[in-house]
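Student:
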C-alpha cells in the first residue's frame, strides 16, 4: 500500500520469512507425497480401542497434544474416521496460538488421506458467511476459521476452492460492514500473521523505531498469485478509506455539538442536559472509531490521518470571541473609537419618558409583520468564500429572484419631492392637512431634515415629529424621505439612523418598513450588478451599516450582506464592501458574537485583494481594513516585548501621573527598591524625561519630585533631576536642531521645580542667561527661534515669583538683555531672508516690487504674550537700537554703582540674605510697572557715607517690619539690662563715669565693612605717591544734620597703631581656625558614633530576623 522501502519490526520480518519457509515446505511435502495404497493402510493398527482414543484426543486439541497426535497418526489406520477428523478439527474451539500446530496436523492428515482437503474445506465453509443474507453469529470463531483457512491455503492443503471461499468471505467482511466497522479486529488479526502472504501488506512497527525493509527482503509464498494479492489489498484499502470517512463524519458531528455547547456556556452560563448528553454520545462514537482507525492503519501499514477534536476555525473563533469578551470587560478595547461616538450611538433619547403616551398610543401598535431578517450570527456560513463563483454552485443566501426573468429590469430611483406630495395627498387628505398650521409644521420639519448636524438637533427633530406629526400618512412620508436620501448627502445617514432608532420604540412599523426596503434594495443590487450607479449602492450599504450600529438591523443580517458581496468580489461589490466595512466594520469586529465571522470575512477580503488589479480598489480595501482594525504601533509592541514588566510599571507611575493619582504614585515610587541600580536607573530615566508627559502634567511630576525631596533618603533625587534638566538644555544649545522639543520641555519642567521650591533662584538665572548668551555656531541658526520659545516658556512658568522686591529688579536686568537678544534674532532673520529673496526679485523684473516677508507671527505673539505676563504696563523696545540703548544704560548704572559702592554693606547684606533665605513668596502683581518707592523720602534711610570730596552716596535698604512679639521681647530685654546695670560694682560705675558711653550704636553693615577694610577711595582713578608715608584709613561715625548717622574717612599715618591692628587681626584668624578645626573634629566624631550605632542596629536586626 506504500512504496518501497517500508518500515517494519525486525522480529516480524524474521517470523514472516520463517513462516513462509515452513509453508513452502508443507506445500512441497503435499506435492511430492505418493498416494497411499490400501495394503499399506491395512498393515497399520486399526483396533477400535486405539482409534477411539485418537479421536477423543482430536476433539480436545491443543498445541501441546498435537506432536503426539502426529506421531500416532503414522501408526494407525484412520481411513474410516477422515470425516470425523475434519469435523473435529473444524468444530474445535481453538486459540490463535493453536492455529499453526493445527495446520501442521492437517498437513500430516492430508498427506495420508487425500480426501481430507475437501472435507476440511467443507466443514470450514459451514461457519463462514458467504452471502449478504448471512449473519455472523460467533465473531471469535469466525476470526479463527478465516485465519485457519488462510494457513491451509498457503500450506497447500486446500487449493483453488479454498481461495475462492477466502475471497468470498473477505468480500462479505469488508463490504457489509460499512456502517459500524465492527470487523476491524478480524482484519487486523489477519494482517499481521498472513497479511504479507495474502495481500502484500507490511504492518507498521509497533515500537517507535523500525527497520527499513525492501521488496526483496521478504520471501513470497507462491500459493497465491500477485493478482489475487492485489484484489485482497484493494478490499482492505477500501475498507480503511470507508472507516476514515466515517471517522471524519463523526468528528464533524462531535465538533458541531461541542461548539453549540460551548457557545451556550459562554452566552447563557450553561448548556442543557440534552445537549450535554448528545455531546457525550458523539464523543464516545468518535473515540470508538478513532481507536479502530488507528488499529487498522497500523495493521495495514498506512499512516493515520491527523484529526482534531475541533476544527481549527471553530477553535480560533471561540478563542477570539473569548479574548474579545475579556478585552471589552477589562477596558483594554472599546466598542467605539471614541467617547463621542459611544454617546452618539448608545445614548438615544427615551421618547416614552418625555412625550405623553396619548401622542404615540396609536403608532405604538405594530400593524406590519416584522421582516424576516437573520438574527443569529451562528447561522451565517462564511466557509468557502475564497473560492471563485465559477468554481462552485450557487448559494441560496445570495437572494431569491422575485421577478420573472422575462420581465426587463428597471432601476428603482428614489421618488421625487413632487411624487412625495402626490403620494401623501392621495394617502389621506383629510388626516394629513387638518389645518394650515399642521401643514406648515410638516413642511418645516421635512426641510429641517437636510440640516441635521448633531445629536441635539436630531433628538429635537424626533420629539417634534412624535408631538406634532405622528399620523400614518406622515409616517409613510418620513419613511420615503429617509429612504430617498440623495447619494450626495452621505453625511446625513448617521443622523437619519439615530432618528429612526429614537422613533423605533414608539413607531415599530416605521423601522420595519424602512429596514425591509433597504434590505430588498440591497438584494436587488447584488443580483443585478452593474445596472445601477455605484453611489446609490454605497448609500444603501452605508445606511444599513448605520442602522446596524443602532441595533435597528441585526448584526447577523449585516454579516449576511457582507458575505453576499464577498462571494462575488469584483466591480461594484468591492466599493460596497469597502463602504460597509468603513461604516460598521469596527462595530462588528469589536462585538464578541460577530467578531469571529467578521474576522474571517476580513481575511478573505485581504486574500482576494491580491487578484485585484485596479489601484483604486486596492486603496479602498486597505483603507477599509485599517478603519476596521487600526494598525498597532509596532515599535510600542516590540518595546513592550523587550521591556520587563517592572520597567513598564515604573513608566506608568511617572508618565501617567496626574492630579488624581500623584499621591498614590509617590507612595509607589518610594516603595521601589532604590538600592537596586537597575530599578533606580529606570526611575531616574523617566523622572528626567519630561518630554514623555503631557504639558499639563509637568507640574504634577514636579510635585512628585518635591515630595521625594522632603524625605530623608530621597533628597538626592531632586539634585539629579535638576542637573539632568540643565544638561539637556545645554546639549540642545551645543547641538541645535536635534533636541529642541526636549529642551523646551526641560525648561518648563525646571520652572515647575522652582515653583515647588526644589531648585533655587540662581539656577533659574543661570539657565536664562545661558540660553541667550551661548554662542550659535550653526550658519542656519537665524531660522531657529527655539531659544526665544524656551525663554518664554520658562518665564511664563516662574513669572509669579518675580513681581516684587529684589527678584523683580534682577529680572528686569535679564529682561533688558532678553529684549536685545530677541531683536538681534529679528534683525538676523531679516537680513538673511532678504539675501535669500534677492534672486527671485531679479528674475521677476526690474520694475517688480516684492514685499519683504514678515517675521514669524507665532514667535512674535509668544514673545509679546510673555512680556505682557511678566510686565503688564512696561513699554517694549521697538527696534534693536532701542534695545541696545537700554542695555547700555543698565550697564552704565551698574558700573557706576560698582565703582562707587562696590563694597557697600547693604549690597553685601542683600546678597547674603538672598543666599540664605531667598524670597519665594507670591506677591500681589502690581498693575503699574514702576519703582518700589516713589521717592527717597519714602525709603528707610540706612547709611549716608561722605568722602573727602564732599560727595555723598546714599545707600537705602528695606527696613524689616517689626512684629508685636518682637517689640515685647525688646522691651523685656531692655528692662533686664537696666536691672543688671544697677547691681554693677561701684568701681565699674566709676570706670564707666570716667569713660562715658555715647548713645550711638554702630550698624552691623558698617562693622562688617570696617572689618573687611572696604572703604571709599578719595580718587579712584588717581595714582599713588610712592614716596608718601604708609597710612591707614579709618571710618569715623558721628551724628550729622537731622540726627542722621554720618560716616567719615580719616587717614592715620601711625605705623605702631597699624602694626597693632594687623597683629590683632592675625590673632583672630588663628583663633577662628582653631575653633573651626575643633568644631569639625567634634562633628566628625558625632557622625562616626551615629554610623557605628546604626550598623549595630542593622546587625542586631538581621540576627533576629
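Numbering (the numbering used here), first residue to last: 2 to 1106.
Every residue, glycine too, gets a C-beta built ideally from N, C-alpha and C.
(1) Go ahead and pull the three-state DSSP assignment for residue 480.
(2) For residue 503, collect the residues of the same chain with a Cβ closer than 7 Å to its Cβ; drop the 5 residues on either side in sequence, then sort them by chain order.
(3) Comparing alpha-carbon positions, which option in 701, 648, 659 and 274 lies nearest residue 684?
(4) With C-beta atoms as the reference, is residue 756 less than 9 Å away from residue 870?
(5) Under 9 Å between the Cβ atoms of residue 709 and residue 652?
(6) What residue does the alpha helix (DSSP H) around residue 700 start on, and which one ends it?
(7) Closest to residue 542 by CA distance: which of 1098, 671, 91 and 498 is it?
(8) Nearest-angstrom Cα distance between residue 670 and residue 677?
(9) Give a yes or no on whether the C-beta atoms belonging to residue 566 and residue 589 are separated by under 9 Å.
(10) Can you tell me where the alpha helix (DSSP H) with residue 1 in it begins and where it stops?
(11) Quick one: what does DSSP say residue 768 is sitting in, helix, strand or coil?
(12) If you draw a straight line from the alpha carbon of residue 28 to that of residue 15, how long is it in whole angstroms?
(13) On the premise that residue 493 lies in contact with residue 453, defined as a C-beta separation below 8 Å, what is that separation, rounded to the nearest angstrom?
(14) What runs of the alpha helix (DSSP H), each 4 residues or longer, lie entirely inside the region 448–498?
(15) Taking Cβ to Cβ, would you say residue 70 is nearer than 9 Å to residue 55?
(16) Measure the alpha-carbon distance for residue 604 versus residue 586 and round it to whole angstroms.
(17) With three or more beta-carbon pairs closer than 8 Å as the criterion, would you say the region 607–621 touches the region 510–521?
(18) Between the region 185–194 and the region 105–120, do at least 3 Cβ pairs fall closer than 8 Å?
(19) Given a threshold of 16 other Cβ atoms within 10 Å of its Cβ, counted over all protein chains shown, does residue 113 qualify as buried or as exposed?
(20) To the nearest angstrom, how far is the alpha carbon of residue 821 from that of residue 659?
(21) Output needed for residue 855: all residues of its chain with C-beta closer than 6 Å, excluding positions within five of it in sequence on either side, in chain order.
(22) Distance check for residue 238 and residue 130, CA to CA, integer angstroms please.
(23) Closest to residue 758 by CA distance: which of 526, 276, 799 and 26 is it?
(24) Across the region 223–242 and the region 58–70, are there enough close Cβ pairs to call them in contact, namely three or more that are closer than 8 Å?
(25) Leaving out five residues on either side along the sequence, give the residues of the same chain with a beta carbon under 6 Å from the beta carbon of residue 426.
(26) Do residue 655 and residue 696 have their CB atoms nearer than 9 Å?
(27) When the Cα atoms are used, what is the spatial distance from residue 407 to residue 613?
(28) On the CB-based measure, 16 or more other CB atoms within 10 Å of its CB, does residue 1063 come out buried or exposed?
(29) Throw me the rounded Cβ distance for the residue 232 and residue 153 pair, which I believe falls under 8 Å.
(30) Kindly give me the distance between the Cβ atoms of residue 108 and residue 155, rounded to whole angstroms, as I take these residues to be in contact under 8 Å.
(31) Just the C-alpha distance for residue 703 and residue 750, rounded to the nearest angstrom, thanks.
(32) Assign residue 18 to one of three DSSP states: helix, strand, or coil.
(33) Quick one, which of 971, 160 and 473 has its alpha-carbon nearest residue 32's?
(34) If residue 374 and residue 468 are in contact, beta carbons under 8 Å, what's the gap, nearest whole angstrom?
(35) Would you report the Cα separation of residue 291 and residue 243, rounded to the nearest angstrom?
(36) Counting beta carbon pairs with one atom in the region 737–749 and one in the region 788–795, are three or more of them shorter than 8 Å?
Tutor: Let me lay it out:
(1) Looking at residue 480 - three-state DSSP - the assignment turns out to be helix.
(2) 349, 350, 352, 460 and 463.
(3) Residue 648 is the option with its Cα nearest to residue 684.
(4) Residue 870 sits away from residue 756, with the two beta carbons spaced by 9 Å or more.
(5) No. Outside cutoff.
(6) If you look at residue 700, you'll find it in the alpha helix (DSSP H) that goes 699–710.
(7) For the residues 1098, 671, 91 and 498, the minimum Cα distance to residue 542 belongs to 498.
(8) Taking the Cα positions, residue 670 is about 13 Å away from residue 677.
(9) In terms of Cβ geometry, residue 566 and residue 589 do not form a close pair [threshold 9 Å].
(10) Nothing about residue 1 can be reported from this structure: the residues present for the chain run from 2 to 1106 only.
(11) Here DSSP, grouped into helix, strand and coil, assigns residue 768 to helix.
(12) Take the alpha-carbon of residue 28 and the one of residue 15: they are about 20 Å apart.
(13) Between residue 453 and residue 493 a beta carbon distance of about 6 Å is seen, short of the 8 Å cut, so the two are scored as contacting.
(14) For the region 448–498, whole alpha helix (DSSP H) runs of length 4 or above, ordered along the chain, are 456–469 and 473–484.
(15) Cβ distance < 9 Å, so residue 70 and residue 55 count as in contact.
(16) Those two C-alpha atoms are separated by around 13 Å.
(17) By the C-beta criterion, the region 607–621 is judged not to be in contact with the region 510–521, since fewer than 3 inter-stretch pairs fall below 8 Å.
(18) Counting C-beta pairs with one atom in each stretch, the region 185–194 and the region 105–120 have fewer than three that are closer than 8 Å, which means they do not touch.
(19) Residue 113 is buried by the Cβ-count criterion.
(20) Each residue's Cα considered, the two are about 38 Å apart.
(21) Shown here for residue 855: not one same chain residue has a beta carbon closer than 6 Å to its own, the five before and five after excluded.
(22) Approximately 21 Å between the Cα atoms of the pair.
(23) Nearest C-alpha to residue 758: 799.
(24) Judged by Cβ distances under 8 Å, the region 223–242 makes no contact with the region 58–70, as fewer than three pairs qualify.
(25) With a pLDDT of only 44 at residue 426, under the threshold of 50, the placement of this residue in the model should not be trusted; the figure read from the coordinates follows. None.
(26) Cβ distance not < 9 Å, so residue 655 and residue 696 don't count as in contact.
(27) Confidence at residue 407 is low in this model, with a pLDDT of 33, below 50, so its placement is unreliable and the value that follows should be read with caution. When rounded, the separation of the alpha-carbon atoms in residue 407 and residue 613 is 33 Å.
(28) Taking a 10 Å sphere around the C-beta of residue 1063, we find fewer than 16 other C-beta atoms and assign the residue as exposed.
(29) Contact flag wrong, Cβ pair sits at about 19 Å.
(30) Rounded, the Cβ-Cβ distance is 11 Å, inconsistent with contact.
(31) Between residue 703 and residue 750, the C-alpha separation is close to 7 Å.
(32) In the structure shown, residue 18 sits in a helix (DSSP, three-state: H, G or I).
(33) Nearest to residue 32 by C-alpha distance, out of 971, 160 and 473, is 160.
(34) With 8 Å as the limit, residue 374 and residue 468 do not qualify as a contact, their Cβ atoms being about 30 Å apart.
(35) Going by the C-alpha atoms only, they are around 13 Å apart.
(36) With a cut-off of 8 Å, the region 737–749 and the region 788–795 count as touching, because enough Cβ pairs lie within range.
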